[in-house]
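Protein chains: 2
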Amino acid sequence: MTDEPLPSWTDGAARDAILEFVASVTEGPDAVPVEQRVAVFDNDGTLWTEKPMPTQLHYIVQQWRAAAEADPSLAEHQPYRAAVSGDLGWLGAAIDKHYDGDESDVSTVIDAIARLTDGMSVEQYASSVAEFYRTAKHLTLQRAYRSAIYVPMVELMRFLEEHGFTCYIVSGGDRDFMRPMTEDYYGIPPERVIGSALGLRYDEDGAQVRYTAEFDFLDDGDEKPIRIWSRIGRRPLLAAGNSNGDVPMLDFIRRGAVGLALLVHHDDDTGRGDAPYDQGAQKALAAASDRGFTVVSVKRDWSTVFVEA
Amino acid sequence: MTDEPLPSWTDGAARDAILEFVASVTEGPDAVPVEQRVAVFDNDGTLWTEKPMPTQLHYIVQQWRAAAEADPSLAEHQPYRAAVSGDLGWLGAAIDKHYDGDESDVSTVIDAIARLTDGMSVEQYASSVAEFYRTAKHLTLQRAYRSAIYVPMVELMRFLEEHGFTCYIVSGGDRDFMRPMTEDYYGIPPERVIGSALGLRYDEDGAQVRYTAEFDFLDDGDEKPIRIWSRIGRRPLLAAGNSNGDVPMLDFIRRGAVGLALLVHHDDDTGRGDAPYDQGAQKALAAASDRGFTVVSVKRDWSTVFVEA
Chain Z
1 MTDEPLPSWT DGAARDAILE FVASVTEGPD AVPVEQRVAV FDNDGTLWTE KPMPTQLHYI
61 VQQWRAAAEA DPSLAEHQPY RAAVSGDLGW LGAAIDKHYD GDESDVSTVI DAIARLTDGM
121 SVEQYASSVA EFYRTAKHLT LQRAYRSAIY VPMVELMRFL EEHGFTCYIV SGGDRDFMRP
181 MTEDYYGIPP ERVIGSALGL RYDEDGAQVR YTAEFDFLDD GDEKPIRIWS RIGRRPLLAA
241 GNSNGDVPML DFIRRGAVGL ALLVHHDDDT GRGDAPYDQG AQKALAAASD RGFTVVSVKR
301 DWSTVFVEA
Chain D
1001 MTDEPLPSWT DGAARDAILE FVASVTEGPD AVPVEQRVAV FDNDGTLWTE KPMPTQLHYI
1061 VQQWRAAAEA DPSLAEHQPY RAAVSGDLGW LGAAIDKHYD GDESDVSTVI DAIARLTDGM
1121 SVEQYASSVA EFYRTAKHLT LQRAYRSAIY VPMVELMRFL EEHGFTCYIV SGGDRDFMRP
1181 MTEDYYGIPP ERVIGSALGL RYDEDGAQVR YTAEFDFLDD GDEKPIRIWS RIGRRPLLAA
1241 GNSNGDVPML DFIRRGAVGL ALLVHHDDDT GRGDAPYDQG AQKALAAASD RGFTVVSVKR
1301 DWSTVFVEA
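Residue numbers (this note's numbering), protein chains in the order written: chain Z, 1 to 309; chain D, 1001 to 1309.
Take a look at the structure:
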């Protein structure tokens, strides 16, 4: 029976919950009108890997290294020093601190990120990012990032679309870092990519939209439902995430008139790719039962994680 | 020949320019891929009337009047005094000043606008606005706002869609004031409405997105190309506007690889509804020829302006 829906999902509670939910909102007299069938997906850790570091950080480290090669004085300071030395412990610690609520080093990181694109046109940045996706390899899986996406989640997006849903990405990652790959990797066009944003200005002489040195907003935590409303103007029916920063979004959807909230749990220790981790997700996992989130166990609920590289 | 495209447009230069442009980007070996066929439309003065005052201001004045009835001390101050007295000269002058670059009274107006929705959930506001659209009549045309939309422009949106375009609204008006009517009036769903925004916050206890007392941004002038990029992530092929605040958007589109920029000119003195006006559009009209904007004359280029009321 190769026509069974969601073939990369193991028969079990998570898959059942999805199939039942989709049937409940698409069949019978209580079916939700097609235009209201919206689903939202976090990206890092939900649609693709986020370990050993988010893909965007891999790109950024490459760019910092190139900047420090062009201007060696930069290498005296963080985060360039870490980028040049290849010892990314400092960066890892900065992200760990962020997950624990301490933004001190992350603000240094954010400033240095904004500096990379200051004055660049949005189209130049898109080209630079596209070049990265063409050439970079995942740091531990040693395969193109194209092959580091989670097959069961892409399958879920296609399954939802077959049932009249429109899918969006709602990520803490930079919106414009995702856009050059989302159509190809996930079948999601740029207008349906919601993410963090660098400041923009309009350059009238060149008729170009350019980045400023300011960070605009981090699309994480409470900001996710806010940005969902700003961009979509509807409360979605289904949300999927994997970390503490997804809790408000999952809750917003779960507490609508009808809503399914999926929380991907990286408990996979079966050697299929990602190592297991709870970091950054402990609060979400602890709250899942009270809040009615459906936990998706990578170990138990997915029979396939990645495509063949 | 009732199958002729754009039947409410008079045979002439503007209609020819549209037909030739659409053929050039949709036919032959240089056709632009469907996913890149994006068109953007200003709303007030482009898709519907903006005189004697923008529709949103009519709604706001109603709400201010209701607020001052509930709390009479408010009526001692502007803009409530104007709303209660029905003498809207003060408001008209505030808007005239804005068009002349003086924002002093407009900031009082904006503060009082934000106060109306402070703490309200986005869904409550949508209900209040929908009720207004159900009952309000255009102040001079004396017909529902549903019938104060420009037939030739709605025809143009459908014509573009038949040729693979996706249409968006990009207005200086409040995004969430437009969303409750855009699907019904224009066939444009809420996720394709770009406009000015009030601040939002997430109310975790209620799982609601609510307005703050802050104004977030005015989607006018340079902000239009910025918001187009933020929301759509592509440079559109066609833009239509009617006032000075549309110039950066029109220019951004006109100076892409291919682009048609339409500037609606309210020169209609034929008694078909709107009185003629250039106010707020003088700079745009003066720049049209240099910048390659195609001027659409309401008088000459449209054979029908409104549906029968």
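Even for Gly, the Cβ is constructed at its ideal location relative to N, Cα and C.
As the structure is a computational prediction, the values presented were derived from the model and not from experiment.
Query: Backbone CA spacing between D/ARG1234 and D/VAL1038 [nearest angstrom]; Result: 8 angstroms
Query: D/SER1230 at chain Z interface by Cβ criterion, 8 angstroms; Result: yes
Query: Status (buried if at least 16 other CB within 10 Å, exposed otherwise) for Z/GLY241; Result: buried
Query: 7 angstroms Cβ cut-off: residues of chain Z touching D/PRO1236; Result: Chain Z residues near D/PRO1236: none, gap ~11 angstroms exceeds 7 angstroms.
Query: Reference Z/GLN36, options Z/HIS163, Z/LEU91, Z/GLN124, Z/ARG146, closest by Cα; Result: Z/HIS163
Query: CA-to-CA distance, Z/ASP118 to Z/SER76, given in whole angstroms; Result: One detail in the question is off: residue 76 of chain Z reads as Glu in this sequence, not Ser. Each residue's alpha carbon lies about 21 angstroms from the other.
Query: Close-in-space but distant-in-sequence residues of the same chain around Z/PRO189 (CB under 6 angstroms, 5 per side omitted); Result: GLU183
Query: Residue closest to Z/VAL247, alpha-carbon to alpha-carbon, out of Z/ALA275, Z/ARG210, Z/LEU285; Result: Z/LEU285
Query: Closer than 8 angstroms to chain Z by CB, D/ARG1115; Result: no
Query: Contacting positions in the segment 1250-1265 of chain D - beta carbon closer than 7 angstroms to chain Z; Result: ASP1251, PHE1252, ARG1255
Query: Proximity of D/HIS1264 and D/GLY1045 at Cβ, strictly below 8 angstroms; Result: A small fix is needed here, since residue 1264 of chain D is Val in this sequence, not His. It is a contact, given that the beta carbons lie within the stated cut-off.
Query: Alpha-carbon spacing of D/MET1001 relative to D/PHE1306, whole angstroms; Result: Residue confidence for D/MET1001 is low, a pLDDT of 44 falling below 50, so the modelled location carries little weight; the figure read from the coordinates is stated next. Straight-line Cα distance between these residues: approximately 21 angstroms.
Query: Under 8 angstroms between C-beta atoms of D/LEU1250 and D/ALA1257; Result: no
Query: Integer Cβ distance of Z/PHE165 from Z/LEU6, believed to fall under 8 angstroms; Result: 14 angstroms between Cβ atoms; not a contact.
Query: Chain Z contacts made by the segment 1205-1232 of chain D, where a contact means CB separation under 7 angstroms; Result: ALA1207, VAL1209, ASP1222, PRO1225, ILE1226, TRP1229, SER1230, ARG1231, ILE1232
Query: Residue from Z/THR304, Z/ILE18, Z/ARG175, Z/TYR80 with nearest C-alpha to Z/LEU156; Result: Z/ILE18
Query: Chain-ordered residues of the segment 117-133 of chain Z with a beta carbon less than 9 angstroms from chain D; Result: VAL122, GLU123, ALA126
Query: Neighbour flag for D/TYR1202 against chain A, beta carbons, 8 angstroms; Result: Of the chains in the structure shown, none is chain A; the protein chains are Z and D.
Query: Proximity of D/ILE1169 and D/MET1178 at Cβ, strictly below 8 angstroms; Result: yes
Query: Any C-beta of chain D under 8 angstroms from that of Z/VAL193; Result: yes
Query: 8 angstroms contact criterion, which Z/THR10 and Z/TRP229 should meet: CB distance rounded; Result: Actually they do not touch by this definition, with Cβ atoms about 35 angstroms apart.
Query: Cutoff 8 angstroms: D/ALA1275 Cβ touching any chain Z Cβ; Result: no
Query: Cβ contact (3+ pairs, closer than 8 angstroms) linking the segment 277-284 of chain Z and the segment 63-81 of chain Z; Result: no
Query: Contact test: D/MET1181 Cβ vs the ligand FAD heavy atom, cutoff 7 angstroms; Result: Absent from the structure shown: the ligand FAD. Ligands present: none.
Query: Cβ-based neighbour list, Z/VAL216, same chain, cut-off 7 angstroms, excluding 5 preceding and 5 following; Result: First, the residue type needs correcting, since residue 216 of chain Z is Asp and not Val in the sequence shown. Cβ within range, chain order: ALA197, LEU198, GLY199.
Query: Pick from Z/TYR99, Z/THR26, Z/VAL129 that is closest to Z/GLN62, judged by C-alpha positions; Result: Z/VAL129
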